[in-house]
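Here is the structure we will look at, set down as structure tokens.
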Amino acid sequence: MRINVLQHTPSEGPGSIADWAAERGHDLYIYHPYQFNGILPTADETDLLVVLGGPISPNDDLDWIKAERELIAQLLKAHKPIFGACYGAQQIAKTLGYQVGKAPHKEVGWAPVYRQSDVIPNLPEQLTALHWHEEMFEVPKQAQLLFTSDLVHNQGFLLGNNVIGLQFHLEPKLLNVRTMTINDGAYALTNNALHQTPEEIRNLPVPKENREMIYQMFDYITKA
739 MRINVLQHTP SEGPGSIADW AAERGHDLYI YHPYQFNGIL PTADETDLLV
789 VLGGPISPND DLDWIKAERE LIAQLLKAHK PIFGACYGAQ QIAKTLGYQV
839 GKAPHKEVGW APVYRQSDVI PNLPEQLTAL HWHEEMFEVP KQAQLLFTSD
889 LVHNQGFLLG NNVIGLQFHL EPKLLNVRTM TINDGAYALT NNALHQTPEE
939 IRNLPVPKEN REMIYQMFDY ITKA
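Take any residue in the sequence shown, count from 1 to its spot, add 738: that is its number in our numbering.
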């Protein structure tokens, strides 16, 4: 399987998604459309698409952001698996015609999310996830709400049996968290409803079950 990853900032990489790909024997390719003139894979050369987070918004008027949605639309039509984290989940929702706008609270740091669906096996009722956002997607009507949090209701959705969008991050490993907080830590210092500093975020241990849940979700959408 060829997994094409769309990465949108140097500080937010695939983390444990790359571990899952390697252990399952899949080939991982990482694209940086924000830096390299909007270079993207084609739908034909994509078996699984991963759309990561970043400092941009799906509402930004950039050609490569629109091109990403064209790719997502083609893959949705072909019923290929897609996983979106933060901005990536917002891109999927916007591709389907739903709104992306300001969340009721800016969340930056570690906070619990609560499972709202039992469709994916073995997901716990609660996870401690890394949040790094101030926008929120509208849950597509054809999708199931998958997670909520205390401050932002729309935290995750499952579309059919092959598309997952999460407003939060389960994929970061310790190195990813360190990279995010040293390079983009200023984002946590203004209007952050979680009231966590970059140092506090960095010093909290990454829950080991987050990696397990990434594996569970990716196994689910790729066996659909």
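Glycine included, each C-beta is placed from N, C-alpha and C at the ideal position. Please read all numbers here as calculations on a predicted model, not as lab measurements.
- According to the DSSP assignment, residue 754 belongs to the alpha helix (DSSP H) that extends over 754-761.
- Counting of Cβ neighbours within 10 angstroms places residue 958 among the buried residues, the total reaching 16 or more.
- Residue 899 sits in coil when the DSSP states are folded into three classes, being neither helix nor strand.
- It is roughly 36 angstroms from the alpha-carbon of residue 815 to the alpha-carbon of residue 912.
- Between residue 851 and residue 822, the C-beta gap is not smaller than 8 angstroms, which leaves the two residues out of contact.
- For residue 894, the closest alpha carbon among the candidates 830, 933 and 953 is that of 830.
- Taking C-beta separations shorter than 8 angstroms and ignoring five residues to either side along the sequence, the partners of residue 860 in its chain run 954, following chain order.
- Non-local C-beta neighbours of residue 784 in its own chain, meaning closer than 7 angstroms and more than five positions away in sequence, comprise 740, 742, 813 and 818, ordered along the chain.
- Counting only residues of its own chain and dropping the five nearest sequence neighbours on each side, residue 746 has a CB closer than 7 angstroms to the CB of 772, 790, 791, 792, 794 and 825.
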